[in-house]
Every structure is written in structure tokens, then in C-alpha cells.
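What follows is a set of notes on a single structure, which appears directly below.
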Amino acid sequence: MPHNSGVNIKEGETASKYSIISNIVLMLIKGIIGYLSGNIALIADALHSFADVFSSAAVFIGLRLSQRKPDELFPYGYYRIETLASLLVSVIIIITGLEIGWDSLIYLMDPPPAVSMAAISLVVSLIAIAVSYAVAVYKERVGEKIGSTALINDGKHSYIDVVSSALVFTGIIGEYIGLHGFQGFAGMIIAVIIVYVGSTLTKYNLLVLLDACIDRDSLELLRKTVLSVKGVEGVHAIRIRRSGPYLFGEIHIEIERSLSADKIEGMISRINSEVKRVLPSIDHLIIQPETLKKDEIVVAVPIEDNRGLDSKISPHFGRAAFFIIARTRNGDIIDYKILENPARSLEKKKGIKTAEALKKRNIDVLVVEKLSEGPGYVFSDSLLGTAQPEGSSLKEVIINASTKFAEGQGSDS
1 MPHNSGVNIK EGETASKYSI ISNIVLMLIK GIIGYLSGNI ALIADALHSF
51 ADVFSSAAVF IGLRLSQRKP DELFPYGYYR IETLASLLVS VIIIITGLEI
101 GWDSLIYLMD PPPAVSMAAI SLVVSLIAIA VSYAVAVYKE RVGEKIGSTA
151 LINDGKHSYI DVVSSALVFT GIIGEYIGLH GFQGFAGMII AVIIVYVGST
201 LTKYNLLVLL DACIDRDSLE LLRKTVLSVK GVEGVHAIRI RRSGPYLFGE
251 IHIEIERSLS ADKIEGMISR INSEVKRVLP SIDHLIIQPE TLKKDEIVVA
301 VPIEDNRGLD SKISPHFGRA AFFIIARTRN GDIIDYKILE NPARSLEKKK
351 GIKTAEALKK RNIDVLVVEK LSEGPGYVFS DSLLGTAQPE GSSLKEVIIN
401 ASTKFAEGQG SDS
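Quick note on the UniProt record's numbering: the sequence shown kicks off at 1 and runs consecutively.
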């Protein structure tokens, strides 16, 4: 499957740019007003916005580098850089939570004095809440759209900015109504929640880096999608892993042995197209076709006469007088029929015409001492197994060929 074009990383870059710009503006406004009013909480919130600039910058750099094409050093691409950026943001969230918890504890133990310019400080806090919330929603939506965990985590980080500004707002209000400890108490509770969220996100990103299967919904969707393609009888050994905003998958499909190589190739192409339609984040999917394990195995053997299971095996293919077509199950012959070789009397292309006739019989194993180039070409687009005649009787030869085929020991023509 070619390089993924269904994920627009540029949208993520744009969202990160807006986040960086908004955080710089908020940092300046909160810092200036906090300094002029003496509001320590507002100054601390400005420093928090300053840290947010680096968080969004890390996401932007991660998204930009993840778009670099695979090369000799990184044959699977640079997608994991985006995951590393996401991990960095997760750690920053934890640090932010601890910082808010510490500041809240200090606030409880030693409430700050009343500040001037309270009305302006309230307005700045409200603006910060509104802007941070809008940026958070925007980043999360874009992150979910392009499958970027880094951008989603940065969006959650912006929600924490909303909480941080809200604490500043409630602290100023609390001074007017005499609840000086409310901001510190609420901040402690919120800090615990923030650390929990950051820890959860950190765990998720570490699992992604360790190739853990965490996209269960995508795994099930992949299974159902592949099974819906005509010709796929079953699936197993499904694996999927995330690398940045993309998914890499592997799946084994079960197909009928009678399918030609061209039909199998067409089926794999349809599977790739259908999977790409329902899972645009799939960058590469390895599809391994396997033939169904058959309960009944059809064996063909060239024979010289028509005496059923007492017939003599012919050393020739195209010049054989007859073929015995036997159905077997669990090492026993269920039934058989004798087919007269329609190409026996031909002067030319006996082997090719014989192969074409047998191909229509959907046989699984052909017992033959030697198969020339012409018949081999006829069978080349099928999954026919061949076997050397082994046994002292025709019946024993058929059973041995069937058993080896069932065990997967027969060679392909």
C-alpha cells in the first residue's frame, strides 16, 4: 500500500501554529496585567502559558518531522517522532498538575494579599478561559480528524489552561466574598485530576512506542472489512500497530485453493482499496493469503488401463490413457472416477491439452513423475500441489499424496 495520503498532517501543523500564537498573546496579557496589579496567580498563569508555547511548538515540530519520507536509516518513516512529541506533552501535563497542586497548597497555607485592578484581572481571566477553551476544542477536533495523539493531548493540555485561568478567576472572586481558601482547596482537587489524566496519556504513548495493540476498534474494523471482500473465507493472525498518526497492519486471509494467482492478486488489490476507504489512517497493510484446510482432497493420477484401484500407474502425463480422480478424507478414499485422457490421440500439445482438461476438475494434488514446461505453465496460475508416486499400489500412492498434501508437505508446481 502506498504512502498514506488520507491523513492531512498540514491541518495539524496549522492548529499548532494557532495554539502557539494564542498562548504568546495570552502570556503577554496575563503577565502585564498580573505585574501591574500585583496578582501573583495571574503572573503564575502567564508563566504557564509560556510553557504552553513550548508544548505546542513540540507538537508542531513532531508533526513536521513525521512527514519526512522513509529513507535508508528510517525505512518505516519518521512517524514515531509525533508519538514522542505526544509523550512530551503528556509529561508536561503531569508537571503542570503538580505545579497547580503545589501552588494551591501554598495558597491554603499562606493566602496572598488583596490585589489592585481586580476588575481588569477578572476580565483577563475570562478572556483566557474563552480563548483556551476554543483552542482546546479546535486542537482536539483536528487531532481526532488526522489521528494525531500529540495534537489531541495538546488539546487536553489547553483544557487544563482553562482550569488554571478559572482558578485565578475564582481566587479573585473569593477575596470579595471572604472565601480565601476556596481557590486553594479547588486547586488541590483539580491537580489530582490533571496528574491522573497526564499519567493515563503517558501510559498510552509508551504503549504506542512499544508496539502494543491498543487500537482494538481499528482491529475489529479491519477484520470485518477484509471479511466483507468477496473470496475471503476467513481471517486470522491480525496485527495492528500505531506509528504517529498512521496505522500499520498485517493480516492472514483464508482463500480457496482453486483460485488462480491473478484472482488472488485482484482480491488483495480490492482488500487494500476497501481497507483504505474505511481506515484512511492505514499506511501499510501486509496481506498474507493462505489456502483453506480442506476436509476433502482431490488427487489425480495418470494410469495405463481402466481397472479402478487396480490400474497400473503411467509414467507419462500427456500420453497417459486415463486419469483416476479420487476424493479422499482423513487418509481414506471416499470415491473415485476414471477419466479418459481427451488429448491422448493428439499429435501435438498432448501435455498442454491434458493439463487444461485436468484443471477444470479442480484437483488439489497431481501425482506425476515429471511435469514438462508446457503443462507446468498451464498450472502456473493455480495452487495445484504435485507429488511423486510413492507406494506399492495405486491406492497407497493416492493416500500418501493426500496425506502429504494435508500436512502441507506437497510442493507447488
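All C-beta atoms, glycine included, are put in the ideal place defined by N, C-alpha and C.
Taking a C-beta distance under 8 Å as the contact criterion, I255 and T291 qualify as a contact pair. In the structure shown, the three-state DSSP call for V229 is coil.
Between A58 and the set E390, I238, V232 and I20, the nearest pair of CA atoms involves I20. Counting only runs of 4 or more residues that sit fully inside the segment 276-364, the alpha helix (DSSP H) segments are 350-359, in chain order.
Where E254 is concerned, the enclosing beta strand (DSSP E) starts and stops at Y246 to I255. Between the alpha carbons of D262 and A51 lies a gap of roughly 57 Å. Y159 is positioned such that its CB atom lies no closer than 8 Å to that of Y18. The count of Cβ pairs closer than 8 Å, one atom from the segment 118-135 and one from the segment 28-37, reaches three, so the stretches are in contact.
Here T354 is buried. Its C-beta has 16 or more other C-beta atoms within 10 Å. When secondary structure is reduced to three states using DSSP, V25 falls in the helix class. Annotation for L122: I172 place their beta carbon closer than 6 Å to its own, counting only its chain and skipping 5 residues before and after. In the structure shown, V367 adopts extended strand secondary structure according to DSSP, grouped into three states. Bounds of the alpha helix (DSSP H) holding R80 are R80 to M109. Taken through DSSP and simplified to helix, strand or coil, S148 comes out as coil. With 16 or more neighbouring CB atoms inside 10 Å of its own CB, I264 falls in the buried class. Taking a C-beta distance under 8 Å as the contact criterion, R242 and D215 qualify as a contact pair. Around the beta carbon of M267, 16 or more other beta carbons lie within 10 angstroms, which makes this residue buried.
Taking the Cβ atoms as the reference, T225 lies roughly 6 Å from E274, within the contact range of under 8 Å. The beta carbon of L339 is closer than 7 Å to those of F322, F323 and I325 in its chain, skipping five residues each way along the sequence. Straight-line measurement puts the Cα of K293 at about 21 Å from the Cα of Y336. Counting other Cβ atoms within 10 Å of its Cβ, H236 stays below 16 and is therefore classed as exposed. Cβ atoms of I398 and V278 stay farther apart than 8 Å, at about 46 Å. For S380, there is no enclosing alpha helix (DSSP H), as DSSP gives it neither H nor E. Between I146 and P245, the gap from beta carbon to beta carbon is short of 8 Å. An exposed status is given to D305, since fewer than 16 other beta-carbon atoms sit within 10 Å of its beta-carbon.
Cα atoms of S55 and L206: separation of roughly 18 Å, rounded to the nearest angstrom.
By the C-beta density criterion, Y107 is buried, having at least 16 other C-beta atoms within 10 angstroms. CA-CA distance, I92 to T202, rounds to 10 Å.
The continuous alpha helix (DSSP H) containing A401 extends over residues L394 to A406. Within the same chain, no Cβ atom closer than 7 Å to the Cβ of K348 is found once the five residues on either side in sequence are excluded. Straight-line measurement puts the Cα of G174 at about 14 Å from the Cα of S104. Between S199 and V162, the C-beta spacing is not below 8 Å.
By the neighbour-count criterion, in which a residue is buried when 16 or more other Cβ atoms sit within 10 angstroms of its Cβ, D217 is exposed. About 7 Å separates the CB atoms of L358 and L366; that is less than 8 Å, so the two are in contact. When only Cα atoms are considered, K30 and D45 end up about 7 Å apart.
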